[in-house]
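Participant: Protein chains in written order, with the numbering used here: chain P, 1 to 113; chain L, 114 to 222.
Before I ask anything, let me first share the structure, which is written out below as structure tokens.
Below is the structure:
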């Protein structure tokens with residue numbers, strides 16, 4: 001089955017701890033994206049990557065970091081510098097940088113107390 | 114700064130009604146407009162519109178883009194309870210999508 005997987009589904013952390021969210025795709029897509037969604041809000045872009053070993057900041061990158069060492073994987077680290085980390089995080093991928101139909105994973109709900 | 118505005122933000126209708134969801138956009142280097150449906154978790158793709166005036170249709174859903182007036186509409190006819198969801202509109206610029214806040218549609222029996 002082709003698709004995007006995110007794990008875990010729910011994550012709870014104490015304030016001050018870094019946490020890494022996993023995103024894996026087996027669609028052979030070049031581009032991958034991380035979004036954050038807050039209640040009543042649309043999706044806001046955190047980081048994106050168009051090819052392996054390259055990534056760019058989105059609109060709200062502060063307090064987050066990413067890596068793209070493999071085509072299939074694009075993990076997101078929420079650092080202690082992120083002031084408001086509790087949110088729903090969605091990973092997406094698309095065939096290439098000029099193909100805008102993005103496919104989404106099931107999301108990770110992060111709660112920081 | 115790119116901006117996408119959807120209206121209304123929420124809507125409650127009865128089964129069988131027809132609804133129209135609106136999306137206006139200001140996106141630098143605009144390439145296309147996308148609609149997604151989000152039920153509980155992952156948004157699922159509905160339409161991508163690139164050309165003005167050409168309606169895209171899938172079953173009871175249809176959508177059209179007006180590049181002169183910078184807006185798009187999503188129509189759903191004969192609504193069913195399964196249409197209850199948040200409908201997201203996104204404008205595609207050079208390398209990224211800018212999403213609106215979504216329209217929450219509730220269809221009651």
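Idealized CB from N, CA, C, for every residue including glycine.
Can you list the residues of chain L that residue 101 of chain P reaches, using a CB-CB cut of under 8 Å?
Facilitator: If you number the first chain from 1, residue 101 of chain P lands on position 101. Going along chain L in sequence order, the residues near residue 101 of chain P (Cβ under 8 Å) are 147, 158 and 161.
Participant: Can you check whether the C-beta of residue 74 of chain P is within less than 7 Å of a C-beta belonging to chain L?
Facilitator: On the first chain, residue 74 of chain P is found 74 positions in, with the first residue counted as 1. Judged by the 7 Å Cβ criterion, residue 74 of chain P is not in contact with chain L.
Participant: Among residues of its own chain, excluding the 5 on either side of residue 23 of chain P, which ones have a beta-carbon nearer than 8 Å to its beta-carbon?
Facilitator: Mapped onto the first chain, residue 23 of chain P falls at position 23. These residues qualify, in order along the chain: 4, 5, 6, 32, 34, 73, 74, 75, 76, 91 and 105.
Participant: Verify whether the separation of the beta carbon atoms of residue 185 of chain L and residue 136 of chain L is less than 7 Å.
Facilitator: Residue numbering aside, residue 185 of chain L sits at position 72 when the second chain is read from its first letter. Residue numbering aside, residue 136 of chain L sits at position 23 when the second chain is read from its first letter. Yes, these two residues count as a Cβ contact at 7 Å.
Participant: Along the chain, where does the beta strand (DSSP E) that runs through residue 54 of chain P open and close?
Facilitator: Your numbering for residue 54 of chain P matches position 54 in the first chain. Here the beta strand (DSSP E) through residue 54 of chain P covers 54-57.
Participant: List, in order along the chain, the chain L residues whose C-beta lies closer than 7 Å to that of residue 104 of chain P?
Facilitator: Taking the first residue of the first chain as position 1, residue 104 of chain P is located at position 104. What residue 104 of chain P touches in chain L: 155 and 156.
Participant: From residue 82 of chain P to residue 128 of chain L, what distance separates their C-alpha atoms?
Facilitator: As a position in the first chain, residue 82 of chain P is number 82, starting the count at 1. As a position in the second chain, residue 128 of chain L is number 15, starting the count at 1. Taking the straight line from one Cα to the other gives about 43 Å.
Participant: Is the CB-CB distance between residue 117 of chain L and residue 190 of chain L below 7 Å?
Facilitator: The count along the second chain starts at 1 and reaches residue 117 of chain L at position 4. The count along the second chain starts at 1 and reaches residue 190 of chain L at position 77. It is not a contact, given that the beta carbons lie outside the stated cut-off.
Participant: Might you give, ordered along the chain, the residues of its own chain that have their beta carbon closer than 6 Å to the beta carbon of residue 10 of chain P, omitting 5 neighbours on each side?
Facilitator: Here residue 10 of chain P is taken as the residue at index 10 of the first chain, counted from 1. The answer, listed in chain order, is 109.
Participant: If we cut at 7 Å on Cβ distances, does residue 11 of chain P have a partner in chain L?
Facilitator: By one-based count along the first chain, residue 11 of chain P stands at place 11. By this cut-off, residue 11 of chain P is not an interface position.
Participant: From the beta carbon of residue 193 of chain L, is the nearest beta carbon of chain P less than 7 Å away?
Facilitator: Position 80 of the second chain, counting from 1, holds the residue named residue 193 of chain L. No, residue 193 of chain L lies away from the interface with chain P (no Cβ there is under 7 Å from its Cβ).
Participant: May I ask you to report which of helix, strand or coil DSSP gives residue 141 of chain L?
Facilitator: Start at 1 with the first residue of the second chain, and residue 141 of chain L comes out as number 28. Coil.
Participant: Using C-beta distances below 6 Å, list every residue in its chain close to residue 142 of chain L, excluding the 5 sequence neighbours before and after it, in chain order.
Facilitator: As a first step, residue 142 of chain L must be located in the second chain, where it is residue number 29. Result list for residue 142 of chain L: 206 and 207, in chain order.
Participant: Applying a beta-carbon distance threshold of less than 8 Å, which residues of chain P neighbour residue 214 of chain L?
Facilitator: Locating residue 214 of chain L in the second chain gives position 101, where the first residue counts as 1. Those within 8 Å of residue 214 of chain L in chain P are 40, 41 and 42.
Participant: Could you tell me the distance, in whole angstroms, from the CA atom of residue 85 of chain P to the CA atom of residue 177 of chain L?
Facilitator: Position 85 of the first chain, counting from 1, holds the residue named residue 85 of chain P. Position 64 of the second chain, counting from 1, holds the residue named residue 177 of chain L. Spanning the two alpha carbons is a distance of roughly 37 Å.
Participant: Listed in chain order, which residues of the region 42-64 of chain P have Cβ atoms closer than 9 Å to some Cβ of chain L?
Facilitator: 42, 43, 44, 45, 48, 50, 56, 58 and 59
Participant: Relative to the alpha-carbon of residue 162 of chain L, which residue among P/112, P/55 and P/101 has its alpha-carbon at the smallest distance?
Facilitator: If you number the second chain from 1, residue 162 of chain L lands on position 49. Closest by alpha carbon: P/101.
Participant: Please name the residues in the region 167-199 of chain L whose beta-carbon is closer than 8 Å to at least one beta-carbon of chain P, in chain order.
Facilitator: Listed by position along the chain: nothing, the set is empty.
Participant: Report the CB separation of residue 187 of chain L from residue 134 of chain L in whole angstroms; it is logged as a contact under 8 Å.
Facilitator: Here residue 187 of chain L corresponds to residue number 74 of the second chain, with the count starting at 1. Here residue 134 of chain L corresponds to residue number 21 of the second chain, with the count starting at 1. Contact holds; Cβ gap of about 4 Å.
Participant: Using the C-alpha atoms, what's the distance from residue 213 of chain L back to residue 54 of chain P?
Facilitator: Here residue 54 of chain P refers to the residue found at position 54 when the first chain is read from its first residue. Here residue 213 of chain L refers to the residue found at position 100 when the second chain is read from its first residue. Going by the C-alpha atoms only, they are around 27 Å apart.
Participant: Between the C-alpha atoms of residue 180 of chain L and residue 140 of chain L, what's the straight-line distance to the nearest angstrom?
Facilitator: Numbered from 1 along the second chain, position 67 holds the residue referred to as residue 180 of chain L. Numbered from 1 along the second chain, position 27 holds the residue referred to as residue 140 of chain L. Roughly 11 Å between the two C-alpha positions.
Participant: For residue 109 of chain P, write down the residues that DSSP places opposite it in a beta bridge.
Facilitator: Mapped onto the first chain, residue 109 of chain P falls at position 109. Answer is P/10 and P/88.
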